[in-house]
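Here is the structure we will look at, set down as structure tokens.
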Amino acid sequence: MPHIIEMKNIGKVFETSDLQTHALRNINLVIESGEFVSVSGPSGCGKSTLLSIMGLLETASSGEYLLAGQRVDALSFDQSAELRNKHIGFIFQSFNLIESLNVFDNAALPLRYREPKMTAEQVKKIVLNCLDKVGLSHRLTHRPGELSGGQQQRVAIARALVTQPSILLIDEATGNLDSKSGDAVMSLIGELHQQGTTICMVTHDPRYADMAARQIKLFDGELLGSAQISRSNQTQFNGVA
Ligand SMILES: Nc1ncnc2c1ncn2[C@@H]1O[C@H](COP(=O)(O)OP(=O)(O)OP(=O)(O)O)[C@@H](O)[C@H]1O
Ligand SMILES: [Mg+2]
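Using numbering that gives the first Met the number 0, read the sequence shown as starting at 0 and increasing by one per residue.
Have a look at this one:
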């Protein structure tokens with residue numbers, strides 16, 4: 000089995016009219032299938048940029064990135080989108096739900112996009128299963144505006160799950176949530192990991208970072224080394240929303 004994520008000497012430079020920003024330098028990182036890795040560090044140190052490169056939303060300026068054993072630098076736009084759709088689920092701080100669509104249709108979106116030939120019955124089965132996992136089967140016809148923040152984030156998680164991604168990339172998932180809803184979302188993320196999903200999660204909250212078996216720290220675009228936490232010491236969250 001290839002590493003799910005392998006970065007060799009990855010660098011990222013953003014060029015604006017008057018400024019060059021070295022967002023990432025010399026990143027060497029391997030994530031194995033089934034791992035739970037947290038990423039933390041000060042604002043502007045490159046966390047979101049790292050996740051964007053991992054998730055094929057950005058390309059690296061230098062170095063080599065392999066996703067599921069496949070070098071991504073030579074891929075066309077379409078091939079890159081296909082690889083992303085096959086492997087990656089994103090969860091962001093802003094839930095990015097579509098206000099005109101109800102809970103079911105929001106969650107179904109990536110599946111309908113990726114599997115246009117799937118029957119309505121098949122889509123329904125998968126989407127209901129994912130909404131059940133996040134505890135929202137009773138809110139199928141609500142619009143995002145009719146849900147709490149925690150519930151909206153759980154719809155976003157169901158939407159990330161419908162395509163059965165091999166890896167979930169999570170960027171400050173609890174940033175817009177009160178602590179109780181944040182704990183409930185993290186508890187759900189912990190369960191997904193238990194069920195085998197690989198997780199790479201940016202968080203400012205040390206309690207949540209402690210849930211990960213490996214904690215990566217970035218500073219000024221560079222990796223500071225990572226701590227391996229023994230399973231028995233990992234924090235558990237049992238919040239209910
Ligand atoms: N599209 C862009 N164009 C130019 N510079 C960018 C761009 N995206 C990020 N940067 C710069 O790259 C650096 C890293 O940004 P990044 O968003 O990865 O930081 P971060 O660690 O996620 O910060 P935060 O904790 O505030 O979310 C910052 O200095 C930022 O200004
Ligand atoms: Mg960020």
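Cβ atoms here follow ideal geometry from the backbone N, Cα and C, with glycine treated the same way.
Spanning the alpha carbons of residue 43 and residue 118 requires a straight line of approximately 44 Å. For the pair residue 147 and residue 180, the CB atoms are nearer than the 8 Å cut-off.
Assignment of residue 21 by DSSP, reduced to helix, strand and coil, places it in the strand class. Rounded to whole angstroms, residue 167 and residue 149 show a C-alpha spacing of 18 Å. Residue state for residue 188 is assigned as helix, using DSSP reduced to three classes.
Between residue 91 and residue 170, the C-beta spacing is below 8 Å. Short of 6 Å from the beta carbon of residue 157, and not among the five residues preceding or following it, lie these beta carbons of its own chain, in chain order: 106, 129, 130 and 133. Secondary structure of residue 135 (DSSP, three-state): coil. For residue 211 against residue 200, the beta-carbon gap comes to about 7 Å, under 8 Å, which counts as contact. Each residue's CA atom was taken as its position, placing residue 26 and residue 8 some 5 Å apart. Between residue 209 and residue 102, the alpha-carbon positions lie close to 31 Å from each other. In the three-state reduction of the DSSP assignment, residue 46 falls in the helix class. Looking only at 216, 71, 78 and 188, the smallest Cα-Cα distance to residue 52 is reached by 71. By the neighbour-count criterion, in which 16 or more other beta carbons inside 10 Å mark a residue as buried, residue 46 falls on the buried side.
Here residue 112 is exposed, its C-beta having fewer than 16 other C-beta atoms within 10 Å. As DSSP reads the structure, residue 7 sits in a beta bridge with 63. Non-local beta-carbon contacts of residue 124 in its own chain, meaning distances under 7 Å to residues more than five positions away in sequence, are absent. Straight-line measurement puts the Cα of residue 68 at about 5 Å from the Cα of residue 1. At least 8 Å separates the beta-carbon of residue 3 from that of residue 55.
For the pair residue 193 and residue 172, the CB atoms are not nearer than the 8 Å cut-off. The beta carbons of residue 23 and residue 50 sit no closer together than 8 Å. Contact between residue 11 and residue 75 is absent: CB atoms are separated by about 21 Å, not below the 8 Å threshold.
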